[in-house]
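Visitor: Structure incoming, see below.
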Amino acid sequence: MFASDLSFANHITTIICRAQARVNIIFNILRHSTFDVVVKCYTIYIRPILEYATMVTKKKARKNEDFKKVKLKVGKKLKKTTTTDTTIKAKRVVLATQLEEKQESDDNPLSFRGLTLDELCKQMGHFNSKVKQNAIQGLKQILTSRPDLVNIHLRSLVPCVAVHVSNATLEGPTRQNLLNLYRILCTASTEAMSAHITLFLAHVLRALTNIVLDVRHLALSTLSILLDRYPSLCRNHADLFPCFINYLASSKRLAWNKPGLIDTIIDFINVYDTNRQRKVSISSVEINFEEGKVEGKNLDLRKIFVQNSLASPFDFGVVSSSKSQVVSPFELPEALLNLSNVLAPIISNIVLEDTGGQFMPQGVKLIEAIVRGAENQPNEFLMKDFKPNDVSSMQSIR
């Protein structure tokens, strides 16, 4: 089939000669022939060769791609195609400030992990629960050993700590440590806390209606601490009374026999019970308009002309819906009637279901507060048939 003198060199030479002859023919056609002859020459002679060459090249490239042999370096092993590479590569960034050695001082104490108070406050906003737990423990350690720093750093402590009262991702031990931290924060003076009580109560009232039961427990315990420690500030908060009344009337309220609920309600009533806390002092004042003098024994004009001396003059309606109120809800018949309506089912449960008598003294205190508020109501004329409505609200107890 093949000639005996056919070799690789002769084959290449023959191909080159034939190609050169074809190129000469093409040039002569392009030089002397018409356009129609050139088109026919391209269609019949040149185009099939180009298409065949392209097809061969693609097929060969595809074949080489499918059966490509991987060349490995010395000491390298070929990775299996059926396995998934799960290795993670990460780069470490080292900041220059991390290498600085921190020095503990009276103004800048360090925690057991060597962190300052500002760094722990920043870590309270971290997404990792373990980091937040360590930050809570660090804040507890610093503030327990240095209680004088509570008043100084309330501006940074309250915003970063109070927001976690409604955090549903915290575990039980972390939530208990957070409650202990709230107790430490509430050792601050009334004057220092007056600028932050509005924000603190806003987070607590929001957490009272949380869907998670443990969050509502924590919010109720925190509210009890605030009511016991800062009664005057809580009484001046305009949103506390209606929000807590709505909480007691809602389905998210804790059961009546849950620890802390009845005690918190009693603290709440004691804050607003003006009949129990109000003290009337009579002062004799003599005003001389001719000489412009005011004379009197043990005279304090602030107690006479200022309705509430404990109210902050810088308390504006920014976070809450209105300015701190001066009139107690116990002096408003509608507010007292709403309180009576939400307390009636709780008192009824105590009377009917408390077989051991554990909550009976607390139930008696609730009844006494409602009766005292109804009997000493100064604005009874604002609501028609106030006392009959108040009596009918307690009908379930009889």
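Counting in full-length UniProt numbering, the sequence shown runs from 1 upward without gaps.
A virtual CB, placed ideally from N, CA and C, is assigned to each residue, including glycine.
None of the values given here were measured: they were computed from a predicted structure.
Less than 7 Å between C-beta atoms, sequence neighbours within five positions excluded: which residues of the same chain meet that for Lys367?
Guide: To locate residue 367, count along the sequence shown from 1; it is residue 367. First, the amino acid is wrong: residue 367 is Ile here, not Lys. The residues are Ile347.
Visitor: For the putative contact between Phe241 and Ala335, defined by C-beta atoms under 8 Å, what is the C-beta separation to the nearest angstrom?
Guide: Start at 1 with the first residue of the sequence shown, and residue 241 comes out as number 241. Start at 1 with the first residue of the sequence shown, and residue 335 comes out as number 335. Yes, Phe241 and Ala335 are in contact; Cβ-Cβ is about 7 Å, under 8 Å.
Visitor: Measuring only the C-alpha atoms, how far is Val93 from Leu120?
Guide: Here residue 93 refers to the residue found at position 93 of the sequence shown. Here residue 120 refers to the residue found at position 120 of the sequence shown. Computed Cα separation, rounded: 21 Å.
Visitor: Report the residue from Phe359, Asn341, Met383 and Glu353 whose alpha carbon sits nearest the alpha carbon of Val371.
Guide: Walking along the sequence shown from the start, residue 371 turns up at place 371. Minimum Cα distance to Val371 is reached at Asn341.
Visitor: Starting from Ala288, follow the beta strand (DSSP E) in both directions and report where the run begins and ends.
Guide: For the purposes of this step, residue 288 is identified with residue 288 of the sequence shown, where counting begins at 1. Checking the sequence shown, residue 288 turns out to be Asn, not Ala. Segment Glu286 to Asn288, the beta strand (DSSP E) holding Asn288.
Visitor: Let me confirm a value: Ser23 is counted as buried when at least 16 other C-beta atoms fall within 10 Å, else exposed. Which label applies?
Guide: For this step, residue 23 is matched to residue 23 along the sequence shown. Reading the sequence as shown, one finds Val at residue 23 and not Ser. Burial call: exposed.
Visitor: According to DSSP, is Cys17 helix, strand or coil?
Guide: Looking up residue 17 in the sequence shown gives position 17. Residue state, collapsed to three classes: helix.
Visitor: Specify whether the region 288-295 and the region 244-259 touch according to this definition: at least 3 beta carbon pairs, one from each stretch, less than 8 Å apart.
Guide: As far as the Cβ criterion goes, the region 288-295 does not touch the region 244-259, which means the pair count is below three.
Visitor: What number of angstroms, rounded off, separates the C-alpha of Leu181 from the C-alpha of Ala90?
Guide: Position 181 of the sequence shown, counting from 1, holds the residue named residue 181. Position 90 of the sequence shown, counting from 1, holds the residue named residue 90. Distance between the alpha carbons of Leu181 and Ala90 is about 36 Å.
Visitor: Using 8 Å for Cβ pairs, my map puts Gln137 next to Val131. What's the rounded Cβ distance?
Guide: Sequence index remark: in the sequence shown, residue 137 carries index 137 (1-based). Sequence index remark: in the sequence shown, residue 131 carries index 131 (1-based). No, Gln137 and Val131 are not in contact; Cβ-Cβ is about 11 Å, not under 8 Å.
Visitor: Whole angstroms is fine: what's the gap from His237's alpha carbon to Asn376's?
Guide: By 1-based counting over the sequence shown, the position of residue 237 is 237. By 1-based counting over the sequence shown, the position of residue 376 is 376. Spanning the two alpha carbons is a distance of roughly 23 Å.
Visitor: Say yes only if the C-beta of Tyr272 is nearer than 7 Å to one or more non-hydrogen atoms of the ligand GDP, and no if none qualify.
Guide: For the structure depicted, the ligand GDP is absent and the ligand set is empty, with no information on it obtainable.
Visitor: Have a look at Ile25 and Val38 and give me their C-alpha separation to the nearest angstrom.
Guide: Here residue 25 refers to the residue found at position 25 of the sequence shown. Here residue 38 refers to the residue found at position 38 of the sequence shown. The alpha-carbon atoms of Ile25 and Val38 are separated by roughly 11 Å.
Visitor: Are any of the Cβ atoms in chain D nearer than 8 Å to that of Leu110?
Guide: Reference to chain D is not applicable here, since this structure consists of a single protein chain.
Visitor: With DSSP run on the structure shown, which of helix, strand or coil describes Glu291?
Guide: Residue mapping note: residue 291 aligns to position 291 of the sequence shown, counting from 1. Coil, per DSSP.
Visitor: The alpha helix (DSSP H) that contains Tyr247, what's its start and end?
Guide: Taking the sequence shown and counting its residues from 1, one reaches residue 247 at position 247. From DSSP, the alpha helix (DSSP H) with Tyr247 extends over Leu240 to Ala249.
Visitor: Sort Leu226, Glu380 and Thr43 by Cα distance to Ile184 and report the nearest one.
Guide: Counting from one through the sequence shown, the residue named residue 184 turns up at place 184. Comparing Cα positions, the closest option is Leu226.
Visitor: Quick check on DSSP: helix, strand or coil for Tyr230?
Guide: For the purposes of this step, residue 230 is taken as the residue at position 230 of the sequence shown. Coil at Tyr230, not helix or strand.
Visitor: Check whether the Cβ atoms of Leu139 and Ile197 lie closer than 8 Å to each other.
Guide: As a working mapping, residue 139 is identified with position 139 in the sequence shown. As a working mapping, residue 197 is identified with position 197 in the sequence shown. Result no, Cβ atoms of Leu139 and Ile197 do not sit closer than 8 Å.
Visitor: Run through DSSP, which three-state label would Asp107 get?
Guide: Along the sequence shown, read from residue 1 onward, the residue named residue 107 stands at position 107. The answer is coil: DSSP assigns Asp107 none of H, G, I, E or B.
Visitor: Enumerate in chain order the residues of its own chain whose CB-to-CB distance from Asn338 is below 7 Å, with the five nearest sequence positions on each side excluded.
Guide: Position 338 of the sequence shown, counting from 1, holds the residue named residue 338. Excluding positions up to five away in sequence, the list reads Ile245.
Visitor: Taking all protein chains shown into account, do 16 or more other C-beta atoms lie within 10 angstroms of the C-beta of Thr174, making it buried, or fewer, making it exposed?
Guide: Residue numbering aside, residue 174 sits at position 174 when the sequence shown is read from its first letter. With 16 or more other Cβ atoms within 10 Å, it is buried.
Visitor: Unbroken alpha helix (DSSP H) runs of length 4 or more, entirely within the region 106-155: which are they?
Guide: Complete alpha helix (DSSP H) runs here, min 4: 117-123, 129-145 and 149-152.
Visitor: Consult DSSP for Gln358 and reduce its assignment to one of helix, strand or coil.
Guide: Here residue 358 corresponds to residue number 358 of the sequence shown, with the count starting at 1. If DSSP states are grouped into helix, strand and coil, Gln358 belongs with coil.
Visitor: Under the three-state reduction of DSSP, which class applies to Ala195: helix, strand or coil?
Guide: Locating residue 195 in the sequence shown gives position 195, where the first residue counts as 1. In the structure shown, Ala195 sits in coil (DSSP, three-state: anything other than H, G, I, E or B).
Visitor: Just curious, the alpha helix (DSSP H) that Pro333 is in, first and last residue?
Guide: As a working note, residue 333 is residue 333 in the sequence shown. From DSSP, the alpha helix (DSSP H) with Pro333 extends over Pro333 to Glu353.
Visitor: Consult DSSP for Arg235 and reduce its assignment to one of helix, strand or coil.
Guide: Position 235 of the sequence shown holds residue 235. In the structure shown, Arg235 sits in a helix (DSSP, three-state: H, G or I).
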